[in-house]
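Worksheet: one structure, shown below.
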Amino acid sequence: MVREQYTTATEGTHIERPEDQCVYKIGIYGWRKRCLYLFVLLLLIILVVNLALTVWILKVMWFSPTGMGHLRVTKDGLRLEGESEFLFPLYAKEIHSRVDSSLLLQSAHNVTVNARNSDGEVTGRLKVGPKMVEVQSQQFQINSKDGKPLFTVDEKEVVVGTDKLRVTGPEGALFEHSVETPLVQADPFQELRLESPTRSLSMDAPRGVHIKARAGKIEALSQMDIKLHSSDGMLVLDAGTVCLPKLVQGTSGPSGSSQRLYEICVCPDGKLYLSVAGVGTTCQESSHVCL
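For what it's worth, this note's numbering labels the leading residue of the sequence shown as 1082, then goes sequentially.
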C-alpha cells in the first residue's frame, strides 16, 4: 500500500510536489514465511501421531461403551473377567465370584482383608500369610451352609457347635485346663486313654461318672492313690468276679478250718485287707494290719 502525502500552501507559493514513496508493506515474506509453514506442518504431524496413538490405546485396552478390557460396567456394579492385578488397595462393599467358578485372592507376600467403621478404625482383620492365618476381631465364627454356628471363638470361650468333635492326631488332644463335655469316646477298635503325666486326673459329674468298655478292659493306673468317692450314695462293684490280688492278708482263722475262704475287712482309714473266714468274723483278729 502506498501512502500519499499532501501539503497545503498559500497562494503565490510554489512548492514542488514530492514523488510517491512506499512506506509500509503488509504480509510475511522470506524466511519467516517458510518457518511458519514448517511449524504448521509440524503441528499437523503431531496431531496425526496423537490421533493414531489414541486409537491404538483404545484398541489395546479394549475400550468399549460398556467398559475396558475384562472390566464391564453393569447396573449391579463392576464385572471383571479373568485374572486381574491390583497395585494399590481395593475398596469394595461386596466381592463375589461367578456361580460356576470360585473366588481366588492371591499375593506374593500375604493377603489382608480389613473392615473399618465410620471413623476409619479397623474393627476386623483377616491376614493370610505364607506361614500363618491371623484373624483379629472381637469374635470369630464359622457357620454351616444353613447358618448353624460350627465354631465360635471370643475372649472368654471357644464353642464347637457340631454334634461330634473328632481328634485324629496320633498323640490325641492336649488340654492345659479343665474340659467340660457330656461324652468322651474313642473310635471303634481303638483304646481311650485319659492321662495326666505330672498332676492328678479328676472326673466330676453332678449325677455320677459312667465308664464303659464294651469289648475290652478298664485300667486305672496311678503313681499314688486312686480314689472312688460318692458324696451321696454307695460304690457298687457289680461283676461275676472281683479280683484284688495284692490285698494284705491277715492272720489265719481258727485251727481246723480246711476251707480256704476269706473275707474282706476294712480299716477305719478305708484300707482293705484279707482275713481267713471262720464261723464268725475274723477281722478283729487281723486288725493289726490297720496299725
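Cβ atoms here follow ideal geometry from the backbone N, Cα and C, with glycine treated the same way.
{"Query": "Own chain partners of S1225 with C-beta closer than 6 Å, once the 5 adjacent residues on each side are dropped", "Result": "L1231"}
{"Query": "Among Q1271, P1269, L1246, H1310, the one whose alpha carbon lies nearest that of G1289", "Result": "H1310"}
{"Query": "Of the residues L1273, S1356, L1282, D1285, the one placed nearest R1295, counting alpha carbons only", "Result": "L1273"}
{"Query": "Separation of G1111 from R1084, as counted between CA atoms", "Result": "Per-residue confidence for R1084 stands at a pLDDT of 49, beneath the threshold of 50, marking its modelled position as unreliable; no derived number is given."}
{"Query": "Test item: CB-CB of V1194 and L1185 under 7 Å", "Result": "no"}
{"Query": "Reference R1179, options L1161, V1317, I1109, closest by Cα", "Result": "L1161"}
{"Query": "Boundaries (first-last residue) of the beta strand (DSSP E) holding T1155", "Result": "1152–1155"}
{"Query": "Whole-angstrom distance between L1353 and V1347, CA atom to CA atom", "Result": "5 Å"}
{"Query": "Nearest candidate by alpha-carbon position, reference P1211, set V1192, E1202, A1196", "Result": "V1192"}
{"Query": "From E1175, L1132, F1167, N1198, residue whose alpha carbon lies closest to that of T1158", "Result": "Reading off the sequence shown, one finds Gly at residue 1158, where the question assumed Thr. Checked all of E1175, L1132, F1167, N1198; the closest Cα to G1158 is E1175."}
{"Query": "L1355, DSSP secondary structure in three states", "Result": "strand"}
{"Query": "Close-in-space but distant-in-sequence residues of the same chain around A1254 (CB under 8 Å, 5 per side omitted)", "Result": "V1248"}
{"Query": "Buried or exposed by the 16-neighbour rule on C-beta atoms within 10 Å, applied to G1331", "Result": "buried"}
{"Query": "Rounded separation between G1205 and F1221 - CA only", "Result": "10 Å"}
{"Query": "Which of helix, strand or coil DSSP assigns to A1286", "Result": "coil"}
{"Query": "DSSP three-state assignment for L1302, whether helix, strand or coil", "Result": "coil"}
{"Query": "Limits of the alpha helix (DSSP H) - the one that A1133 falls within", "Result": "1112–1141"}
{"Query": "Contacts around V1370, its chain only, beta-carbon distance under 6 Å, and the 5 residues preceding and following it disregarded", "Result": "V1329, G1331, Y1354"}
{"Query": "H1177 beta carbon less than 7 Å from that of G1163", "Result": "no"}
{"Query": "Candidates V1260, E1238, H1291, L1302, of which the one nearest L1318 by Cα", "Result": "H1291"}
{"Query": "Straight-line Cα distance separating G1297 from K1308", "Result": "22 Å"}
{"Query": "Candidates A1189, P1287, R1153, R1197: closest to Y1172 by CA position", "Result": "R1197"}
{"Query": "Close-in-space but distant-in-sequence residues of the same chain around G1337 (CB under 7 Å, 5 per side omitted)", "Result": "Below a pLDDT of 50, predicted positions are generally treated as unreliable, and G1337, at 48, falls in that range; the measurement from the model is reported next regardless. If we look at G1337 and ignore the five residues flanking it on each side, it has no Cβ neighbours."}
{"Query": "Contact under 7 Å by Cβ, V1154 with T1147", "Result": "yes"}
{"Query": "Residue ranges of each beta strand (DSSP E) within the region 1185–1250, 3 or longer", "Result": "1192–1197, 1203–1209, 1214–1217, 1220–1224, 1230–1235, 1239–1241"}
{"Query": "Distance between beta carbons of C1364 and E1052, contact taken as under 8 Å", "Result": "No answer is possible for residue 1052: it lies beyond the span of the chain, which begins at 1082 and ends at 1372."}
{"Query": "Simplified DSSP assignment, three categories, for V1370", "Result": "helix"}
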